[in-house]
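Notes to accompany the following structure.
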Amino acid sequence: MSINNKNVLLGITGGIAAYKAPDLVRKLVALGANVRVVLTQSALEFVSPLALQAVSGNPVSDNLLDKDAEAAMGHIELARWADILLIAPATANFMAKLTHGLADDLLSTLCLATAAPIVIAPAMNQQMWHASATQQNVNVLRQRHVRILGPAAGEQACGDVGLGRMLEPQDIAHLLNEALPSKVLLGKKVMITAGPTQEAIDPVRYISNHSSGKMGYALAKAAQAMGAEVVLVSGPTNLVVPQAVTTVQVKSAEQMHQSVMEQVATCDIFIGCAAVADYRPAQTTPQKIKKNDQELTLTFVKNPDILSDVAHLQHPPFTLGFAAETQNVREYALSKLARKKLNMIAANDVSDSRIGFNSEQNALSVFWPGGEVTLAMADKQKLALQLLQLVSEQFK
Ligand code: PMT
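Below is the structure:
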């Protein structure tokens, strides 16, 4: 994964860190990237377009309504040209615009018009970074799989000390080099299950679990970025459906089983990331259960095992299962790998509250016949790319 020969569209917004942009362009060019620069009007106050044109070797754009620029490379063409859109520095104001989908200048319009992954390097006063509005925007952007690099802590231009400094150009260029996935899954169809299932007890109650869907959605987004056609079969979540991914919404394990079995024959790779309920109530009462008795006993029956059924098909796809364990992680994962006839299994130790269910991060021990690797704790989006890289290697 590298930006060598890739088209990097660099957006610069109006913060003091913009003075580092020519150095950032030089670092990106040194890694082999083709760089084009777009400035906001306030960025023009901090850095010279001429300097950016000189170091990038390409014309610089700063205006959505510039007929000469539109005649050369219109904003839609520019949005399509980009393999990755990097915004550095990204001010608090620009992050708010990005969160709300405003398109009132060239750079914000490009953010909406591009299908390329968006990466931002925030830079602002530490109080502005910690403001709840900014933090809410950060959460929304992360959910939409915008990759956020930094910010770093230290002394700021205003004299404050704290989090909010833009990462150094060297670090941004290095991280970007890792962020861009190569299209190793081009031409492949990948089906992914995500989220929890809900098993109805009566019309108003169900049993479920704490899965947020974040890991499965990150995998869907990563597979799509790596060139695959992606079908996501999702239990109930609060997440935004990833762009260009066919998503089937289900509630119960039986519905998830049916959706998967209907379509899986056309898939090359199947990933079971959903936390599927192992059991469902034997009966769903048609009316709400009244609280007449001191005790209530429910009987449960076993749900179909989706992962195992896929792996036992006559012509199964490459099948990757997950294992959520609280103890004996290696032993239980290896036994699931063999018992369910999987090609690969990714185990997470969910006894660690920092990772696994409903967290931003995860850590995985990945096993396949004859091999294993540990993927250290990281953002789920980053882990998803690493895991799919392993899948693509074993799939070959
Ligand atoms: O959604 P997040 O909040 O991001 O959390 C991510 C996660 C912790 C849910 C995810 O990383 C994870 O571990 N998913 C699998 C959870 C699980 O159900 O594990 P399990 O060990 O009980 O199941 C083993 C495998 O069998 C899983 O691939 C599961 O999808 C599959 N399974 C289980 C039961 C069943 N009836 N059908 C299945 O397909």
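Under my numbering, the residues of the sequence shown are numbered 17 to 412, in order.
From the three backbone atoms N, C-alpha and C, an ideal C-beta is built for every residue, glycine too.
Its chain contains R181 as the residues whose beta carbon lies nearer than 6 Å to that of G170, once the 5 sequence neighbours on both sides are disregarded; these appear in chain order.
Under the three-state reduction of DSSP output, R160 falls in the coil class, being neither helix nor strand. Placement of the Cβ of K230 at a distance of less than 7 Å from at least one heavy atom of the ligand PMT is found.
Three or more pairs of CB atoms, one per stretch, sit closer than 8 Å, so the region 47-57 contacts the region 119-127. Between the region 305-313 and the region 274-286, the count of C-beta pairs closer than 8 Å stays below three; the two stretches do not touch.
The Cβ atoms of Q377 and K396 sit closer than 8 Å to each other. DSSP, read as helix, strand or coil, puts P185 in helix.
For P65, the enclosing alpha helix (DSSP H) starts and ends at P65 to S72.
Put simply, of I32, R52, Q214 and H328 the residue whose alpha carbon is nearest the alpha carbon of D99 is R52.
At least one heavy atom of the ligand PMT is found less than 7 Å from the C-beta of S227. Contact between M272 and I322 holds: their C-beta atoms lie close to 6 Å from each other, under 8 Å.
When the Cα atoms are used, V177 and A139 turn out to be separated by approximately 13 Å.
By the C-beta density criterion, I188 is buried, having at least 16 other C-beta atoms within 10 angstroms. When rounded, the separation of the alpha-carbon atoms in F338 and A210 is 11 Å. Taking the Cα of L380 as reference, the smallest distance to any Cα among T390, M89 and L183 is reached at T390.
If the five residues before and after H328 are omitted, its C-beta is found closer than 7 Å to the C-beta atoms of K357, all from its own chain and listed in chain order. The C-beta distance from V366 to E341 rounds to 7 Å, short enough to fall under 8 Å. H116 is classed as exposed because its beta carbon has fewer than 16 other beta carbons within 10 Å across all chains shown.
No heavy atom of the ligand PMT is found nearer than 7 Å to the CB of K357. Assignment of Q310 by DSSP, reduced to helix, strand and coil, places it in the coil class.
Unbroken alpha helix (DSSP H) runs of no fewer than 4 residues, entirely contained in the region 311-379, are found at 322-327 and 345-355, following chain order. Listed in chain order, the beta strand (DSSP E) runs fully inside the region 103-168 are 134-138, counting runs of at least 3 residues. Leaving aside the five residues that flank V280 on each side, the residues in its chain whose CB is nearer than 8 Å to its CB run, in chain order, M207, F286, V326, L329 and P333. A298 is the residue among L94, A34, A298 and V266 whose C-alpha sits nearest the C-alpha of K318. Residue pairing by DSSP places E245 opposite K205 in a beta bridge.
DSSP places V53 in the strand class (E or B) of the three-state scheme.
According to the DSSP secondary-structure assignment, F383 is paired through a beta bridge with I361 and E388.
Taking all protein chains shown into account, S250 has 16 or more neighbouring C-beta atoms within 10 Å of its C-beta and is therefore buried. If you look at F286, you'll find it in the beta strand (DSSP E) that goes I285 to G288. Under a 10 Å Cβ-count criterion, N344 is classified as exposed, with fewer than 16 other Cβ atoms of the shown protein chains found around its own Cβ.
Nearest C-alpha to T263 among G232, A241, A269 and G30: G232.
Here DSSP, grouped into helix, strand and coil, assigns L47 to coil. Rounded to whole angstroms, the Cβ separation of L183 and A168 is 5 Å, and the two are in contact under 8 Å. By the 16-neighbour rule on beta-carbons within 10 angstroms, H91 is buried. Under the Cβ criterion (8 Å, minimum of three pairs), the region 188-202 counts as touching the region 17-28.
Annotation for V257: no beta strand (DSSP E) segment contains it, and DSSP assigns it neither H nor E.
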